[in-house]
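To start, the structure itself, in structure tokens.
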Amino acid sequence: MEREGRRRVSTVHQPDLKDRPARLTVGVVGAGRVGPALAASLQLAGHRPVAVSGVSDASRRRAESMLPDVPLVPPAEVLQRADLVLLTVPDDVLPGLVAGLAETGAVRPGQLLVHTSGRYGAKVLDPALRAGALPLALHPAMTFTGTPVDVQRLAGCSFGVTAPEELRLAAEALVIEMGGEPEWISEENRPLYHAALALGANHLVTLVAQSMELLRTAGVAAPDRMLGPLLGAALDNALRSGDAALTGPVARGDAGTVAAHITELRKHAPQTVAGYLAMARATADRALAHGLLKPELAEDLLGVLADGGHASQGGEGTDGTNGSDGTTGTEGNDR
Numbered sequence: 001m002e003r004e005g006r007r008r009v010s011t012v013h014q015p016d017l018k019d020r021p022a023r024l025t026v027g028v029v030g031a032g033r034v035g036p037a038l039a040a041s042l043q044l045a046g047h048r049p050v051a052v053s054g055v056s057d058a059s060r061r062r063a064e065s066m067l068p069d070v071p072l073v074p075p076a077e078v079l080q081r082a083d084l085v086l087l088t089v090p091d092d093v094l095p096g097l098v099a100g101l102a103e104t105g106a107v108r109p110g111q112l113l114v115h116t117s118g119r120y121g122a123k124v125l126d127p128a129l130r131a132g133a134l135p136l137a138l139h140p141a142m143t144f145t146g147t148p149v150d151v152q153r154l155a156g157c158s159f160g161v162t163a164p165e166e167l168r169l170a171a172e173a174l175v176i177e178m179g180g181e182p183e184w185i186s187e188e189n190r191p192l193y194h195a196a197l198a199l200g201a202n203h204l205v206t207l208v209a210q211s212m213e214l215l216r217t218a219g220v221a222a223p224d225r226m227l228g229p230l231l232g233a234a235l236d237n238a239l240r241s242g243d244a245a246l247t248g249p250v251a252r253g254d255a256g257t258v259a260a261h262i263t264e265l266r267k268h269a270p271q272t273v274a275g276y277l278a279m280a281r282a283t284a285d286r287a288l289a290h291g292l293l294k295p296e297l298a299e300d301l302l303g304v305l306a307d308g309g310h311a312s313q314g315g316e317g318t319d320g321t322n323g324s325d326g327t328t329g330t331e332g333n334d335r
């Protein structure tokens, strides 16, 4: 039923945005990596970017590159010129920005005000709502590079959408015009939604970067080529099968191998030990809960993790593992 609704919305080329013309003038407040890409995408759909604001030199250069001939102006002037304003600023900046724009009278009645924060829903725009603005929260669940490639990658990207019910069709139409898929998130679930995305995407970058550093230390000349197929398969399997995709020494209950990993990490990259232990414990808990880790093997493994591998230091040779085994296990444990 939901997909049928999406298909109906996707055929609407003249969305009723509170009786505004379907083709809108677009402004961007905050020319970071996200704002210019969304504005460029809306431009491809027939809307017209008319103003952008940016604080840093990098933001200005990005705006000039992705939105050529669109003037750089102060935030208040962006709101004066645009029917649809994208507030693409950091989460912690957003509430103060909205309050300031509303207090200074920059917000116009009937103006579409869209923020792209994952953390906040539509209520953060209440000061602007009281001034007559139409509030939308449209969060693209995608990492951005700040380059034109982002516009292409928006095709098929899910957007976390929160808005008043009367603006539902308008929100869906804008997302679909940018090539995205609207996914409705309730106001109260917005922080949990954002935490889930950060856990899966942001922390993944840290894990991959650490893994690449360890592989270089182990003598691998091209860690990206070694990790690419492994991580791609792990991600695909996890998305398809969930916990059933767990593999590696933790899921198998290989306590000796895990202890050897910890010893090697303490020796070569002590800053990674805490993260390895935390992820190994979480993996063990999930493997146990889903019947992948045998209880009789879990006891020794959990003991090694609780002790941080200290009791096994110096005993790597007794369990038959070596540096090569440790490297392989580290790769498998990243997923």
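If you're matching positions, the sequence shown starts at 1 in my numbering and goes up one per residue.
We put the CB at the ideal spot given by N, CA and C, even for glycine.
Computed from a predicted structure; not experimentally measured.
Check	Outcome
Can you find the residues in the same chain that come closer than 8 Å, C-beta to C-beta, to VAL258, ignoring five residues on each side of it along the sequence?	PRO249, VAL250, ALA280, LEU301, VAL304, LEU305, GLY309, GLY329
For a quick check, are the C-beta atoms of LEU403 and LEU134 less than 8 Å apart?	No answer is possible for residue 403: it lies beyond the span of the chain, which begins at 1 and ends at 335.
Cα separation between ALA131 and ARG61?	32 Å
Spatial neighbours of GLU296 within its chain, please: CB distance less than 6 Å, with the 5 preceding and 5 following residues excluded, ordered by chain position.	none
Please report the straight-line C-alpha distance between VAL273 and ALA244, rounded to a whole angstrom.	26 Å
Who does GLY160 pair with in a DSSP beta bridge?	HIS139, GLU183
Verify whether the separation of the beta carbon atoms of GLU339 and LEU42 is less than 8 Å.	The requested residue 339 is not part of the displayed model; the chain covers only 1 to 335.
Within the chosen definition, does the stretch 87-98 reach the stretch 153-169 through at least 3 CB pairs nearer than 8 Å?	no
Suppose you measure from the CA of ASN189 to the CA of SER53; what does that come to, to the nearest Å?	31 Å
Where DSSP assigns a beta bridge to ARG48, which residues make up the other side?	THR25
Tell whether a beta-carbon distance below 8 Å holds between PRO191 and ARG266.	no
How is the beta strand (DSSP E) around GLU85 delimited, first residue to last?	Just to set this straight, residue 85 is Val in the shown sequence, not Glu. Looking at the DSSP string, the run of the beta strand (DSSP E) that includes VAL85 is 84-87.
Verify whether the separation of the beta carbon atoms of THR412 and LEU84 is less than 8 Å.	With the chain covering only 1 through 335, there is no way to say anything about residue 412.
Counting C-beta neighbours from all protein chains within 10 Å, is the total for GLY32 16 or more, i.e. buried, or is it exposed?	buried
For THR25, which residues in the same chain have their Cβ closer than 6 Å to its Cβ, ignoring the five residues on either side in sequence?	ARG48, VAL50, ALA82, ASP83
Which runs of the alpha helix (DSSP H), 4 residues or longer, sit entirely within the stretch 264-313?	273-289, 295-306
Looking at C-alpha atoms only, which residue of GLN210, THR147, LEU129 is the closest neighbour of PRO109?	LEU129
Between the Cα of LEU136 and those of LEU101, ILE262, SER158, GLN111, spot the shortest distance and give me the residue it belongs to.	GLN111
Taking the straight line between their C-alpha atoms, what separation do you get for GLY105 and GLU77?	11 Å
By Cβ distance, which residues of its chain are closer than 8 Å to LEU239, with the 5 residues on each side in sequence left out?	none
What residues are listed by DSSP as bridge partners for LEU125?	Partner(s): none; LEU125 has no beta bridge.
Compare the Cα-Cα distances from GLU103 to each of VAL114, ASP91, LEU293, PRO127 and report the closest residue.	PRO127
Just to check my reading of the structure: PRO140 and VAL34 have Cβ atoms closer than 8 Å, yes? What is that Cβ distance to the nearest angstrom?	7 Å
Taking LEU67 and PRO90 to be in contact with their CB atoms under 8 Å, please state how far apart those CB atoms are, rounded to whole angstroms.	Not a contact, Cβ separation roughly 20 Å.
Looking only at its own chain, which residues have a Cβ that is under 8 Å from the Cβ of ARG23, when we skip the five neighbours before and after it?	GLY46, HIS47, ARG48
Assign VAL161 to one of two classes, buried (16 or more other C-beta atoms within 10 Å of its C-beta) or exposed (fewer than that).	buried
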